[in-house]
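K.L.:
Protein chains in written order, with this note's numbering: chain A, 4 to 389; chain B, 440 to 729.
Think of the CB as a built atom: it goes at the ideal place given N, C-alpha and C, for glycine as much as any other residue.
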Amino acid sequence: MNKRIWVVLVAALALLSVGCPSKPASEQQAQSVTVGIMTPLTGEVASWGDMQRKATELALADLKAKGALEKLDVRVIYEDDKASPKDGVNAFRKLADVDRVPIVVGSPASTVTLAVAPIANEKKVVLLSSGSTATDVGKAGPYVFRIMPSDEVQASIMADWALELGYKKIAVIFVENAWGRGLVEQFKADYTKKGGSIVADESSKPDTTDYRAQLTKTKEASPDAIYAPLYTRGAGLMIRQARELGLRCQVLGADVYETPELVEAGGKAVDGVLYTTYGQYSGQEFQFFANRYKAKYGRDPEIYARYCYDAFCIAIAAVTSIPQAKPIDGPNVREALLTLKDFHGVSGVTTFDGRNSATGRTFDKMMVTNGHHVPFDPKARKDILP
Amino acid sequence: MQFVVNGLVTGAAYALVALSFSVVFRVGRFFNFTHAAVFTWAGYFGYLCWTILGLSLWAGALLSVCLSAVLGVLLELSVYMPLHRRRASGVVLLLVSLGLYTIMQNTISMLFGDEIKRLSGNTVAEGLSVWGARATRIQLAIVIICVVVFVAFGILLRLSPFGTRLRAVADDPDLAAIQGVQVHRFRLAASALGSGLAAVVSLLMGLDVGITPTVGLNALMMGVVAVIAGGVDSTPGIFLGGILLGLAQHLGVWKIGTQWQDAIAFAVLILFLVLRPQGFFGKPLRKAAV
Chain A
4 MNKRIWVVLV
14 AALALLSVGC
24 PSKPASEQQA
34 QSVTVGIMTP
44 LTGEVASWGD
54 MQRKATELAL
64 ADLKAKGALE
74 KLDVRVIYED
84 DKASPKDGVN
94 AFRKLADVDR
104 VPIVVGSPAS
114 TVTLAVAPIA
124 NEKKVVLLSS
134 GSTATDVGKA
144 GPYVFRIMPS
154 DEVQASIMAD
164 WALELGYKKI
174 AVIFVENAWG
184 RGLVEQFKAD
194 YTKKGGSIVA
204 DESSKPDTTD
214 YRAQLTKTKE
224 ASPDAIYAPL
234 YTRGAGLMIR
244 QARELGLRCQ
254 VLGADVYETP
264 ELVEAGGKAV
274 DGVLYTTYGQ
284 YSGQEFQFFA
294 NRYKAKYGRD
304 PEIYARYCYD
314 AFCIAIAAVT
324 SIPQAKPIDG
334 PNVREALLTL
344 KDFHGVSGVT
354 TFDGRNSATG
364 RTFDKMMVTN
374 GHHVPFDPKA
384 RKDILP
Chain B
440 MQFVVNGLVT
450 GAAYALVALS
460 FSVVFRVGRF
470 FNFTHAAVFT
480 WAGYFGYLCW
490 TILGLSLWAG
500 ALLSVCLSAV
510 LGVLLELSVY
520 MPLHRRRASG
530 VVLLLVSLGL
540 YTIMQNTISM
550 LFGDEIKRLS
560 GNTVAEGLSV
570 WGARATRIQL
580 AIVIICVVVF
590 VAFGILLRLS
600 PFGTRLRAVA
610 DDPDLAAIQG
620 VQVHRFRLAA
630 SALGSGLAAV
640 VSLLMGLDVG
650 ITPTVGLNAL
660 MMGVVAVIAG
670 GVDSTPGIFL
680 GGILLGLAQH
690 LGVWKIGTQW
700 QDAIAFAVLI
710 LFLVLRPQGF
720 FGKPLRKAAV
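Next up, the structure:
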């Protein structure tokens, strides 16, 4: 009896496997590529990961709608780097060794990108950053690319701007990692060279929620303004606590400020805050994308969404430009990126021109007004915050 | 002066966390990580009650504290009581609690997300002036509530039958059982009290700086340092331990960089472990206990 059941089962299985239709010949020829997305899906800056995942999904849908993926089968694998170097290295190793991806889009956090860079170079996997501005990312090796400008530029723009606004004494409070320290070192160098003086210099760990010790020391130094490259949540809390301590001078921030968490954490206290961020582009590509993003997710595309959307589309453009005869692997994707010219994206035009950092990108001056992020308007400027 | 005020406020919060932990520790006799999870959950209960359900400050606070006490009791009933019955060792209990902590913390991340949740409103007011320094209403409330709770707890411990039993169970659960104390039922009461206390601090700290899924563990670590400095069985010791730790953290960074704050806390811990492992007022240890 038992034997008979087995025979029937085996026969049925055999029939099933024969019955499966084989794939049509044309589809088998289509190339396929797996793209890794490395971004903080959890942790202090989990909101960046959320924006980037949404942007990637939208980019994939848009590329399909445009017919760019007819001959290319794209698979996306998300890995969480928690914006921490240790988790980033694990995430990257998994993408490179297990999923064997030729290109990873990420991470927005400079500190992760710098930690992962040596492995990317060693394994010949392209790392296309979706938000790392740290100066050193530009020199991190042949396989590390980025489309945003460098913090060297960001810090010197801020140094000039601070002096232009008449702030002669500045206190710095920064997040203790590659991004925060890099910005502050460059800022201090430029600012003091041009005649400003740094009156207090404090740092904090990335997950700090209580900034009162730093602020108390800052208050004693009575600065004209505080330069605070902190992560968004920390910045919001810090500014709030500054007001509670009766410290009402202007706060100057950096690129990460342009996320909703600043207002969420800081409330009314962040009104009037000034900061620098990656170049704003409002051409038709951006308008098209912004409308779609808003329709799908109910909010304006944040900075990390814009840059991740572009980074992902650039990655796919590079992969599609590889000739049929060549395999899609790290070295070939790298070649394709280096020769990429005039890519019109939602964050502007990208050209690598044989280098690892996109050329011609800069930073814009922004301010917070009534909970909204708007371009800096000298008339609306306040020296004393609410 | 501002440093002293900052230190006192932080110290008062540490002292309260330490007290709540010591209640749970005394009757359980193991390093209970889920206490940190209950602490975090309390903050999110507050978020639920105030922001989502829109309850008033007092109603929301009361409900959150009750919910946290219930959570503490449920954990004790479902996990620790069966383990205690089987005479599980302190290490086993510690590992179980660590596992549970991880699950509970990640549940919060899943439900509420990792970003900061603010419990206080959108408006920001300049703090009140105290001896030339600034402190917000919430910060003053932390200090006042801390003093009230410690006085009340001291009286409870010395003068009520509950206090006598707490000390008896802490001293030797078996002997207490022989004397007619219902140890298991008693553990439930103690975890309700400890969890409720933790909820009070959690809500206050949440109103002050906001909550994230990891607030509990950070708070617990500092609470434990305060407990060790003060001596686990001494209520005034724990109070002093917390205040001393807060002051050391804030005054210590007056002249050196603020990034050393946590290092200062753990330096205090090491100093006490080496020089006075029994705490300020504790009697010299007769045996080491985990």
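When you compare only the Cα positions, how much space is there between B/A704 and B/Q688?
P.N.:
6 Å
K.L.:
Determine, using beta carbons only, whether B/N471 comes closer than 9 Å to chain A.
P.N.:
no
K.L.:
What is the DSSP secondary structure of B/V443, reduced to helix, strand or coil?
P.N.:
Correct three-state label for B/V443: helix.
K.L.:
Straight-line CA distance for A/R243 to B/W693?
P.N.:
So the alpha carbons of these two residues sit roughly 21 Å apart.
K.L.:
For my contact list, B/V731 and A/K271 are in at a C-beta cut-off of 8 Å; report their separation, rounded to the angstrom.
P.N.:
Any question about residue 731 of chain B goes unanswered here, given that chain B covers just 440 to 729.
K.L.:
Compare the C-beta of A/K26 with all C-beta atoms of chain B and state if any pair is closer than 9 Å.
P.N.:
Caution is warranted here: a pLDDT of 45 is assigned to A/K26, below 50, making its placement in the model unreliable, and the coordinate value is therefore given only provisionally. Not closer than 9 Å to any Cβ of chain B, the Cβ of A/K26 fails to qualify, so no.
K.L.:
What separation, rounded to the nearest whole angstrom, lies between the Cα atoms of A/A58 and A/V273?
P.N.:
27 Å
K.L.:
For A/D154, does the three-state DSSP call read helix, strand or coil?
P.N.:
The three-state secondary structure of A/D154, taken from DSSP, is helix.
K.L.:
When you compare the CB positions of B/T674 and B/L596, do they come within less than 9 Å of one another, or not?
P.N.:
yes
K.L.:
For A/K390 and B/I650, what's the separation of their Cα atoms in angstroms?
P.N.:
A question about residue 390 of chain A goes unanswered here, because the residues of chain A that appear run from 4 up to 389.
K.L.:
Rounded to a whole number of angstroms, what is the C-alpha to C-alpha distance between A/E30 and A/V77?
P.N.:
Caution applies to A/E30, whose pLDDT of 45 falls short of 50 and renders its modelled position unreliable; the model cannot decide the point.
K.L.:
Is there a Cβ of chain A sitting closer than 9 Å to that of B/W480, yes or no?
P.N.:
Answer no: the Cβ-Cβ gap between B/W480 and chain A never drops below 9 Å.
K.L.:
So, using beta-carbon positions, are A/L3 and A/A112 closer together than 9 Å?
P.N.:
Absent from the model: residue 3 of chain A. The displayed extent of chain A is 4 to 389, so no value can be given.
K.L.:
Would you mind telling me which residues of chain B sit closer than 8 Å to A/T212, beta carbon to beta carbon, in chain order?
P.N.:
I555, V648, G649, T651 and V654
K.L.:
If we ignore side chains and look at the alpha-carbon of each, how far apart do A/Y284 and A/K191 end up?
P.N.:
29 Å
K.L.:
Report the residue ranges of all beta strand (DSSP E) runs contained in full by the segment 444-473 of chain B; include only those spanning at least 3 residues, in chain order.
P.N.:
none
K.L.:
If contact is defined by three or more beta carbon pairs under 8 Å, each pair taking one atom from either stretch, is the segment 550-561 of chain B in contact with the segment 43-52 of chain A?
P.N.:
yes
K.L.:
Kindly confirm or deny that the segment 157-171 of chain A and the segment 342-351 of chain A touch, where touching means at least three C-beta pairs closer than 8 Å.
P.N.:
no
K.L.:
At the 9 Å Cβ level, is B/S548 part of the contact set with chain A, yes or no?
P.N.:
yes
K.L.:
How long is the line joining the alpha carbons of B/G485 and A/K208, rounded to whole angstroms?
P.N.:
When rounded, the separation of the alpha-carbon atoms in B/G485 and A/K208 is 26 Å.
K.L.:
Can you pull the chain A residues whose beta carbon is under 7 Å from the beta carbon of B/F442, in chain order?
P.N.:
T219
K.L.:
Considering only the alpha carbon of each residue, which of A/V336, A/Y81 and A/S132 lies closest to A/S360?
P.N.:
A/S132
K.L.:
In chain A, which residues lie with their C-beta within 8 Å of the C-beta of B/P697?
P.N.:
Correcting the residue identity first, residue 697 of chain B is Thr in this sequence and not Pro. Result: E205, S206, S207, A216, Q217 and K220.
K.L.:
Is it the case that the Cβ atoms of B/G662 and B/V448 are separated by a distance below 9 Å?
P.N.:
no
K.L.:
Can you tell me where the alpha helix (DSSP H) holding A/I325 begins and where it ends?
P.N.:
Where A/I325 is concerned, there is no enclosing alpha helix (DSSP H), because DSSP gives it neither an H nor an E.
K.L.:
Grab me the residues of A/E261's own chain with a C-beta within less than 8 Å of its C-beta, minus the 5 sequence neighbours each way, in chain order.
P.N.:
Y278, T280, E305, I306, M369 and H376
K.L.:
Looking only at C-alpha atoms, which of B/F470, B/A609, B/I581 and B/M660 sits nearest to B/S528?
P.N.:
B/F470
K.L.:
Short of 9 Å Cβ to Cβ, which residues in the segment 554-588 of chain B face chain A?
P.N.:
E554, I555, K556, R557, S559, G560, N561, T562, V563, A564, E565, G566, S568, A572, R573, A574, T575 and Q578
K.L.:
Give a yes or no on whether 9 Å exceeds the smallest Cβ distance from A/R475 to chain B.
P.N.:
Because chain A here runs from 4 to 389, residue 475 of chain A falls outside it and cannot be looked at.
K.L.:
Give a yes or no on whether 9 Å exceeds the smallest Cβ distance from A/S50 to chain B.
P.N.:
yes
K.L.:
Check the Cβ of A/T45 against every Cβ in chain B and list those closer than 7 Å, keeping chain order.
P.N.:
S548 and D553
K.L.:
Which residues of the segment 233-259 of chain A have a Cβ closer than 7 Å to any Cβ of chain B? Give them in chain order.
P.N.:
So the list reads R236, L240, R243, R246, E247, L248 and G249, given in the order they occur along the chain.
K.L.:
Please name the residues in the segment 673-694 of chain B whose beta-carbon is closer than 8 Å to at least one beta-carbon of chain A, in chain order.
P.N.:
Q688, H689, V692 and W693
K.L.:
Give a yes or no on whether 9 Å exceeds the smallest Cβ distance from A/K271 to chain B.
P.N.:
yes
K.L.:
By the three-class DSSP mapping on this structure, what secondary structure does A/Y312 have?
P.N.:
In the three-state reduction of the DSSP assignment, A/Y312 falls in the helix class.
K.L.:
Considering just the uninterrupted stretch of the beta strand (DSSP E) at A/V377, what are its terminal residues?
P.N.:
Per DSSP, A/V377 belongs to the beta strand (DSSP E) from H375 to P378.
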